[in-house]
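Inspection log for the structure reproduced underneath, given as structure tokens.
Residue numbers (this note's numbering): 11 to 423.
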């Protein structure tokens, strides 16, 4: 069923993806895989409006739509809209009948296997000719996957082909991205293949000249805290804000995560302290700065803060600003940032190592906040980071976006 594009379609799949930018991208690639798996026709995915990001952009305003469709034309049927005889179908009405054709994330477990799509979705798709995956997220991004879903030929995989080659940003995003990269790095020529892939021709091959130029990449750290209100509300953790924080996050969940609220009513609650031990809680800005300080970052280190507005930004970032200047996208675009070379570097020759602290071990360390000394804290954090950088055997049932199974699926830089 997976050897190239089918001659006859089993039906049409609509996808409404949620999240910021990475989540919809994963959802699109997974939707491509689902369409191939079920021999279905994929309608160009839609992105659900997020009250956090406040971006109503459709697919074509973010990604090059025609390029996306053309590059996948030999593997998957993709159309921009439903055929005329299905455009009048009231999908919302069907969902309340026994012939339901809307499936939400609650209808498929996070690590759904291909067999789940056959047993849950295929019969409905064949019956109704249409299926709407509402809020569709990472539902086909984990091992194991069928051989043909993973490998289309000797050099590429379907999901990885979509993720690394098919989804190209539109020109205005490439242009803005190249400006951001040039001002952080302080040089203008495209040094690595990834620059061309992401930014197209907007990162010039002619180096910058003058005072703003440099012979190599500026030393900086990109810090992604994932501390936006939607992330911390969904985590169910506590972050030291007391009763006011708890009420605010509870109200946010009731509005934005009704499925989660319903699920909590029927399950045994887990304490915030236990959630933190289970690695479910994102690091606070204060905790992140303590870790960075231990790793050698100083007052003159340049830190680029990636992401949206941090929850409680003013109060939480004040202690951090005492430690080091934090640069946002807005500041970098405003020509007011003068990045220097004196910070500790995590960027060398275009290759940026990624550090993902072990939150379970960090939680244990931070739980001793009242008794642990700085020297002991520094020793334990350093040991945790060093052990986390060791090469280990790839486990089973892993996310194929984070830990691809073959070299063909990895970015060559």
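Each residue gets a CB set at the ideal place from its N, CA and C atoms; glycine is no exception.
Quiz prompt | Residues sharing a beta bridge with residue 56, DSSP | solution = For residue 56, DSSP records a beta bridge to 26.
Quiz item: Under 8 Å, do residue 90 and residue 62 count as touching if we go by C-beta distance?
Solution: Contact flag unset, no.
Self-check item: Straight-line gap, residue 5 to residue 389 (C-alpha atoms, nearest Å)
Solution: Outside the shown range of the chain, which is 11 to 423, sits residue 5, and nothing can be said about it.
Quiz prompt | Whole-angstrom C-beta distance between residue 179 and residue 73, which should lie under 8 Å | solution = Between residue 179 and residue 73 the Cβ distance is about 6 Å, and since that is below 8 Å, they are a contact.
Exercise. Closer than 6 Å by C-beta to residue 350: which residues in its own chain qualify, once you throw out the five before and the five after it? Chain order, please.
Key: Legend: pLDDT at residue 350 = 38, less than 50; position of this residue unreliable, no value from coordinates given.
Practice problem: Sort 99, 64, 386 and 183 by Cα distance to residue 142 and report the nearest one. | Solution: Taking only the C-alpha atoms, the option nearest residue 142 is 99.
Exercise. Go to residue 259, then tell me how far its beta strand (DSSP E) extends in each direction, as first and last residue.
Key: It is not in any beta strand (DSSP E) - residue 259 instead sits in the alpha helix (DSSP H) that spans 252 to 266.
Quiz item: In whole angstroms, what is the alpha-carbon distance linking residue 387 and residue 375?
Solution: Counting only the Cα atoms, residue 375 lies some 7 Å from residue 387.
Practice problem: Give the secondary structure of residue 175 by DSSP, where H, G and I count as helix, E and B as strand, and everything else as coil. | Solution: In this structure, residue 175 counts as helix in the three-state DSSP scheme.
Practice problem: Report the rounded CA-to-CA distance for residue 384 versus residue 174, giving the unit in angstroms. | Solution: Distance between the alpha carbons of residue 384 and residue 174 is about 43 Å.
Quiz item: Mind checking residue 311: buried by the 16 CB within 10 Å criterion, or exposed?
Solution: Under this definition residue 311 is a buried residue.
Quiz item: Three-state secondary structure (DSSP) at residue 316?
Solution: It is a strand residue.
Exercise. Can you tell me which of 176, 68, 366 and 411 puts its alpha carbon nearest to the alpha carbon of residue 397?
Key: Here the closest residue by C-alpha is 366.
Exercise. Can you give me the start and stop residues for the alpha helix (DSSP H) that residue 398 sits inside?
Key: Note, residue 398: alpha helix (DSSP H), 384 to 398.
Quiz item: Smallest Cα separation from residue 59: which of 87, 391 and 144?
Solution: Checking every option, the nearest Cα to that of residue 59 belongs to 144.
Quiz prompt | DSSP-derived helix/strand/coil call for residue 377 | solution = In the three-state reduction of the DSSP assignment, residue 377 falls in the coil class.
Quiz prompt | Close-in-space but distant-in-sequence residues of the same chain around residue 270 (CB under 7 Å, 5 per side omitted) | solution = Same-chain partners within the cutoff: 244 and 263.
Exercise. Using a threshold of 8 Å, state whether the C-beta atoms of residue 39 and residue 169 are closer than that.
Key: Yes, the pair counts as a contact, with Cβ atoms nearer than the cut-off.
Quiz item: From residue 57 to residue 75, what does the alpha carbon distance come to, in whole angstroms?
Solution: If you take the alpha carbons of residue 57 and residue 75, they lie about 14 Å apart.
Quiz prompt | Residues that residue 233 bridges to, as DSSP identifies them | solution = Paired residue(s): 315.
Quiz prompt | residue 172 vs residue 42 beta-carbon contact at 8 Å | solution = Yes, they are a contact pair.
Self-check item: Cβ contact check for the stretch 298 to 305 and the stretch 246 to 260: 3 or more pairs under 8 Å
Solution: Segments in contact, no.
Quiz item: Roughly how many angstroms separate the alpha carbons of residue 289 and residue 283, rounded to a whole number?
Solution: Cα to Cα, the separation comes out at about 10 Å.
Self-check item: 8 Å contact criterion, which residue 209 and residue 187 should meet: CB distance rounded
Solution: Rounded, the Cβ-Cβ distance is 5 Å, consistent with contact.
Quiz prompt | Sheet register partners of residue 207 (DSSP bridge) | solution = Under the DSSP definition of a beta bridge, residue 207 lacks any partner.
Practice problem: Identify which residue in 239, 138 and 123 has its Cα closest to the Cα of residue 29. | Solution: 239 is the residue among 239, 138 and 123 whose C-alpha sits nearest the C-alpha of residue 29.
Quiz item: Thinking just about the alpha-carbon of each residue, which of 22, 31 and 36 is nearest to the one in residue 410?
Solution: Of the candidates 22, 31 and 36, 36 places its Cα closest to the Cα of residue 410.
Quiz prompt | Boundaries of the alpha helix (DSSP H) in which residue 134 is found, first to last residue | solution = Taken as a continuous stretch (DSSP letters only), the alpha helix (DSSP H) holding residue 134 covers 133 to 138.
Exercise. Would you grab the beta carbon distance between residue 293 and residue 206 for me? Rounded to a whole angstrom, and I think it's under 8 Å.
Key: Between residue 293 and residue 206 the beta-carbon gap is near 33 Å, outside 8 Å, which marks them as no contact.
Exercise. Report buried or exposed for residue 316, applying the criterion of at least 16 other Cβ atoms within 10 angstroms of its Cβ.
Key: Exposed: under 16 other Cβ atoms inside 10 Å.
Practice problem: Verify whether the separation of the beta carbon atoms of residue 211 and residue 81 is less than 8 Å. | Solution: Taking 8 Å as the Cβ cut-off, residue 211 and residue 81 do not qualify as a contacting pair.
Quiz item: If you drop the 5 nearest sequence neighbours on each side, which residues of the same chain put their C-beta closer than 7 Å to that of residue 66?
Solution: Excluding sequence neighbours, residue 66 sits near 59.
Self-check item: Member of 69, 47, 305 and 314 whose CA lies at the smallest distance from the CA of residue 194
Solution: Considering only alpha carbons, the answer is 314.
Quiz item: By DSSP, does residue 129 sit in helix, in strand, or in coil?
Solution: Helix.
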